[in-house]
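Protein chains in written order, with my numbering: chain A, 69 to 445; chain B, 69 to 445; chain C, 69 to 445; chain D, 69 to 445.
By construction, the Cβ of each residue, glycine as well, lies at the ideal position given by its N, Cα and C atoms.
Just so it is clear, the structure is predicted and the values come from calculations on it, not from any experiment.
Protein chains: 4
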Amino acid sequence: MIIVLQPDRDDLKAIVQRVVQVAARFEGVETRPYAHTGTGHTFTEIHLVGPTRGVPTTVFEEIPGVLRVVRVSTRYRLVGRHHETEAAGFEYNGVRFGDEGLTVIAGLCAVDTREHVDLMMSALQKEGMVTTRMGAYKPRTNPYEFQGLGRECLPYVFELAGQYGMRAVAMEVTDGRQIDEINQALADAGDPTGVILQIGTRNAQNFELLKVVGQQERFPVLFKRGMGITLEEALNACEYIASEGNPCIIFCLRGVKTHLGDPHRNLVDFAHVPLVRRKTRLPVCVDPSHSVGSVDEAVDGIPDVFHAAGQGVIAGASSVLVDFHPHREVALCDGPQALTLEQLPRFVRYVRRVRETFEESVSDTAPATAADAIDGA
Amino acid sequence: MIIVLQPDRDDLKAIVQRVVQVAARFEGVETRPYAHTGTGHTFTEIHLVGPTRGVPTTVFEEIPGVLRVVRVSTRYRLVGRHHETEAAGFEYNGVRFGDEGLTVIAGLCAVDTREHVDLMMSALQKEGMVTTRMGAYKPRTNPYEFQGLGRECLPYVFELAGQYGMRAVAMEVTDGRQIDEINQALADAGDPTGVILQIGTRNAQNFELLKVVGQQERFPVLFKRGMGITLEEALNACEYIASEGNPCIIFCLRGVKTHLGDPHRNLVDFAHVPLVRRKTRLPVCVDPSHSVGSVDEAVDGIPDVFHAAGQGVIAGASSVLVDFHPHREVALCDGPQALTLEQLPRFVRYVRRVRETFEESVSDTAPATAADAIDGA
Amino acid sequence: MIIVLQPDRDDLKAIVQRVVQVAARFEGVETRPYAHTGTGHTFTEIHLVGPTRGVPTTVFEEIPGVLRVVRVSTRYRLVGRHHETEAAGFEYNGVRFGDEGLTVIAGLCAVDTREHVDLMMSALQKEGMVTTRMGAYKPRTNPYEFQGLGRECLPYVFELAGQYGMRAVAMEVTDGRQIDEINQALADAGDPTGVILQIGTRNAQNFELLKVVGQQERFPVLFKRGMGITLEEALNACEYIASEGNPCIIFCLRGVKTHLGDPHRNLVDFAHVPLVRRKTRLPVCVDPSHSVGSVDEAVDGIPDVFHAAGQGVIAGASSVLVDFHPHREVALCDGPQALTLEQLPRFVRYVRRVRETFEESVSDTAPATAADAIDGA
Amino acid sequence: MIIVLQPDRDDLKAIVQRVVQVAARFEGVETRPYAHTGTGHTFTEIHLVGPTRGVPTTVFEEIPGVLRVVRVSTRYRLVGRHHETEAAGFEYNGVRFGDEGLTVIAGLCAVDTREHVDLMMSALQKEGMVTTRMGAYKPRTNPYEFQGLGRECLPYVFELAGQYGMRAVAMEVTDGRQIDEINQALADAGDPTGVILQIGTRNAQNFELLKVVGQQERFPVLFKRGMGITLEEALNACEYIASEGNPCIIFCLRGVKTHLGDPHRNLVDFAHVPLVRRKTRLPVCVDPSHSVGSVDEAVDGIPDVFHAAGQGVIAGASSVLVDFHPHREVALCDGPQALTLEQLPRFVRYVRRVRETFEESVSDTAPATAADAIDGA
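Written as structure tokens, this is what we have:
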């Protein structure tokens, strides 16, 4: 059960206290406060956990300052969207992740040299971009493959990120100790940038890791759907993060594994973008690079990676995670799926153009008469 | 091996004759002429079938009037796109199916009453649309379910199609005799409209049926990918149609079956649109209704069926097959996935808007400098 | 609703008449008689089709000679197993297909030469086997591949079948005209053998073909599950055959397509054997050759095809369809998955041994005390 | 490259030293000794890691005491089976896991009460069984579901295990700290039993966890294939464990997720048993309970869980992991798939009977003549 309080009240603390007191009457029921920002307001919610089936909603509804009481039937209580008007998203280090606009997170799948990081970030800065991806810890199918440079590369990645004005670096982690290393490296560098902790597809149901990134509140989490799990299972996995205290989660689609996606690397699942938007409060990201897998698949001179990105954005994704590399022929990981720096401006122009079309389509709320349609078409 | 002749030659017949003579030197090799229209010209091709491995290309290349000789390595020889500049598509009864624009094929999944057909076509006419879908023969999973009205409904479907100016009615067939029935009903009604024969997903590898629709040349074929087969298998199935003599094929994506698509009916596979465009000469259609399955899945007031359609179109689909119904609550088949007539104008406006964005993205061939990008964004 | 009559009654005709009369009272309800053989008796059933929801069971139960009345909730009415004690199976041309024993249907996936047919059948005869498979019509993914010898090979196939004492030849058909050809060829040869019509995986939902094999009663049907459809869909497909009048159906599992089965050709689905046995009256066959795909996959000198066959049989399959070839290196179709004639005796010995173990396991109904177990182990 | 030494040599140390010296000539090449027991002998191997492509095999082959030198082309070097005669398996705490026989690991999916543990182990002891499964840490899809009793239950689980003569308790771990807890609880109880660390399907590609169980050598690891990953990926995951130093790994199949397995919980993948046996040195286990999912699916009074187990064993699995519960109706996790204690003796008798048949089939190496076959059948 969720008790939503009225926003912008001066007596918020007292209301919370009152709700907690009432809840205490019911044995086994615990309360957890939770703040959620949307549409310019901060909503405070008290979540009731435990045997709530016998708890009547009226005892909370009659408390002054309570906006509404929601019985939660879905299994994802915290990440779920419980009323139509909720907006998705959050702000981190000056960057907004949410329904208001489009954020492109372009960069290196795996950091290999300082020079490549430098070239990459320089190109991003020229496009006015302030977010990037830089893989340091790389989980690989085979133990003898390149596993990423690890903490060794963090000093120059963060230094250059600060230098080029990056506000957030998305970086996969596979173990809690890596978060300590990131914290340490940021501190050593004087906190020049922010970090988004990325949960990779293979760890999508590594619940211990999800708890760890949920227990820290410094960094938002970019959660990638497991390539073999249902959307329902993926949303439940995000609930693990949120239930530990960290509500700042970006939900990322990256294609699913099946024999029906060939010759693409995965079967693009971006038709799920509107589903995630309806079911949850989470901003939705798409990763066309890992979905499609090779930039050599192209038609009319346009790589399929563009088209997949376009499909995510036209359906409402508010961020795009995409692989670039200054010299993809020498990349140590996933080179074939990296776009080149020369393609960056056109890519950015393309997805922004598609985003505009998406926004126009949402704002088309005029009654749709036949006459209108013919004129407008 | 394919011998492509120079277009617009007066001595075409003589060149064909010469090619056939040369080919006759090689034992077991047969020749099949094939005409293909693209970019304003009609290309004549001679396909060499049989043991062509030992046949040198030079003996044909030196014949005056031969444009080029292509060794075919792909398994789909006729539907394959063998050179970059080929255009997809064909014209039928005054309607162009191909890369030049977008055709929306909206209508009833299953015809139930004359009145509904009337209401549907009237709405289409108001939008200036000249193509529709009208299901008469419905293959159903269970033998005791409604199997469509069959030939009984053809008279009024064709009569009304003529009355409302429909130029093509897409209609699934599951057996050769149904084509006879359609021919008969069209003749009885005075040929008031055209028909597109639709091959459903369950018959995607019913090779005998594919041969039958390939052996007739009157009607184009809309081929739906089987929901459990690979793209490669689907393209080979189309080759069955083409190899019997009918090159006018629309390739339709309609979602694939897996456990990873829930809660949609199928997993939308429209990321394959650019793949089909690159690999074949076939115009590509998408069917968002059967992919998504329910118009009640919606966000921001927009059904997921819109978003899926948008994803197909932004990736280059040149037609959209979509279910509407004047009274979906009484539809005998797939009612939950039918949009209402009130939603038709907005749907048409939406997909046309997305098509424009697609076309702009293709025509963006200017060198992509950083400066351009920032201005343009 | 199914009215089951008492078996072995002299006044059967009168009882049937009475049931039909009573049913006639209910508007829209039709009756269909249906005979089903099991456990040594022939049960006659009257199936009520149409709006039976309002029909009370009592009006039939009180008719003398009615054994029981079953309300059918499952969608497969005729192939469904509606009471626990029903036995599966039927007899055809002196061969029993059903729970009583194990039938091995070994032979050529595709007939290529008379000599190979001769060698194959000679080997079968030496093993005392009277059923075989001989593919004449081969549906292939690509139109340019070998499509089988068709009717051309039927004369010598049937002649040799008669000569070697074969009682049933399983043979895939993809079109109704092929059944005419088979009838004709059998007649020309003096009806020396029987035929089982095989429906291949690609035609599993080709409902028109299913109706055609259902409308004839001369030949039983071996139905292969579609490699991308659910068990429920496959059972409904069998219902198409039965609802047209032919109850003699063998349900064959042959592996399903997914990316998780590699390096086998398909993912073996023989765990569904007990499901089919519980849900239906159909005898269950397994096809290890098409499931596994290559006899070169082996361990301890035993090809995986053996192990897959063993898995089907230990779970209760009553027949095994398996590819052999006298010279697999020159086979025109699926050579890599054919066992050699030298392996035939061991294969037969193996599956019979496993069948014995299955039968022992079923008959182990003694109370399972701990002491028994230790002694028996 | 793998240098296999002759077994049972007195001068083993000197030979190892010599091999290491020779290897040291090649820059970047490291040596790792590895002992592997099979067919009654202990083979010592030296694995060469690094740039071995340019290293000739002859320099090792000429060292006295070297049995053979194998160039490793597969990606799983340590778990791979590199020569036909290798035997799978290892011994732990007096129990042999390997090709020599069948081990049934029956027990509680999730420990709930001391009483149930007591009843369960008592029943096992009566059957003469010395291995069991006892789930303490349960990863669940949703964070609000029962997550297992954790370390709280370890004292009585180990105490009772000792009391009832259990030699190994299989127990899933999801985090390295749990191994510390297990070590501590065992020490506190006076080390009355052994433990097998189980890696669950959701952590099959949690490489950090795999490294942790690989870095300890006290406990063997039972690795469950991820339900959405290929066999190749699963074997590579095992290589993570082995490459950290722990070669004692049991490979467990437990069904894969797809839409084609319904109404079973998963699609049983036990046809992969012979594949794992051929490709690796790992003993193979099957888990029929999680594959099938419900013991209420049954035919002829035999639950499908029996049949699935039989399918694994007839194909060569040397252990079976299976859920039982004294009172399944009150089980906190997966109750519907637990067999009852009354079914235990029959289950054990059944799988042992099937195992015998498997062993007979392997030992049938006599030339398979037709005459033999008829007599034997």
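Taking the Cα positions, Met239(C) is about 59 Å away from Glu152(A). The residue among Arg423(A), Val354(A), Thr348(A), Val388(A) with its C-alpha nearest the C-alpha of Arg149(A) is Thr348(A). A straight-line Cα-Cα distance of about 15 Å links Gly369(A) and Ala376(A). Minimum Cα-Cα distance from Lys194(C) among the listed residues Glu410(C), Val281(C), Ile83(C) corresponds to Glu410(C). Scanning its chain for C-beta atoms nearer than 8 Å, with the 5 sequence neighbours on each side dropped, one finds around Phe214(A) the residues Ala178, Lys206, Arg208, Leu400, Cys401, in chain order.
For Ile317(D), the uninterrupted beta strand (DSSP E) run begins and ends at 317-321, by DSSP.
Closer than 8 Å to the CB of Tyr144(D) there is not a single CB belonging to chain C. Any Cβ of chain B closer than 8 Å to the Cβ of His327(D) would place that residue at the interface, and such an atom is present. At a beta-carbon threshold of 7 Å, the residues of chain B lying near Asp368(A) are Val430, ordered along the chain. Thr110(C) counts as exposed, since fewer than 16 other C-beta atoms from the protein chains shown sit within 10 angstroms of its C-beta. Among the bridge pairs identified by DSSP, Thr348(B) is matched with Gly148(B).
Boundaries around Gly166(D) are those of the beta strand (DSSP E), 163-166, since no alpha helix (DSSP H) includes it. At a cut-off of 8 Å between C-beta atoms, Pro211(D) counts as an interface residue with respect to chain A.
The DSSP assignment places complete beta strand (DSSP E) segments of no fewer than 3 residues inside the stretch 207-241 of chain D at 236-240, in order along the chain.
For Asp243(B), the closest C-alpha among the options Gln231(B), Asp256(B), Gly282(B), Phe319(B) is that of Gly282(B). For Tyr418(D), the chain C residues whose C-beta falls within less than 8 Å of its own C-beta are Ser429, Asp432, listed in chain order. Non-local beta-carbon contacts of Ala255(C) in its own chain, meaning distances under 8 Å to residues more than five positions away in sequence, are absent.
Closer than 8 Å to the CB of Gly361(D) there is not a single CB belonging to chain A.
Residue pairing from DSSP places Val289(B) in a beta bridge opposite Leu265(B), Ile317(B). The shortest CA-to-CA distance from Arg145(C) to any of Leu116(C), Glu129(C), Arg164(C), Ala339(C) is the one to Leu116(C). Contact between Val289(B) and Ile267(B) holds: their C-beta atoms lie close to 6 Å from each other, under 8 Å. Boundaries for Ile70(A): no alpha helix (DSSP H) harbours it, while the beta strand (DSSP E) harbouring it runs 70-73, taken from the DSSP string.
Closest option to Arg270(C), judged by alpha-carbon separation, among Leu80(B), Gln379(B), Ala305(B), Glu249(B): Ala305(B).
Taking CB atoms only, Gly378(A) has a neighbour in chain B less than 8 Å away.
Glu154(C) and Met197(D) have their C-alpha atoms spaced approximately 38 Å apart.
Each residue's CA atom was taken as its position, placing Leu176(A) and Ala302(A) some 25 Å apart.
Nearest neighbour of Ala229(D) by Cα position, chosen from Val241(D), Arg86(D), Asp259(D), turns out to be Asp259(D).
Closest by C-alpha distance to Pro75(C), out of Thr298(C), Ser387(C), Leu135(C), Phe415(C), is Leu135(C). Closest by C-alpha distance to Thr120(C), out of Glu113(C), Val97(C), Val388(C), Ala82(C), is Val97(C).
In the DSSP assignment, the residues bridged to Gly175(B) are Arg201(B), Asp391(B). Cα atoms of Ala91(D) and Val140(D): separation of roughly 16 Å, rounded to the nearest angstrom. In chain order, Gln273, Asn274, Phe275 make up the part of chain A whose C-beta sits under 8 Å from the C-beta of Arg270(D).
Look at Val324(D): its C-beta is under 8 Å from a C-beta on chain C.
At least 8 Å separates the CB of Pro351(A) from every CB of chain B. His395(C) and Phe226(D) have their C-alpha atoms roughly 60 Å apart. With distances taken between CA atoms, Thr199(B) lies nearest to Glu159(B) out of Gly218(B), Glu159(B), Arg219(B).
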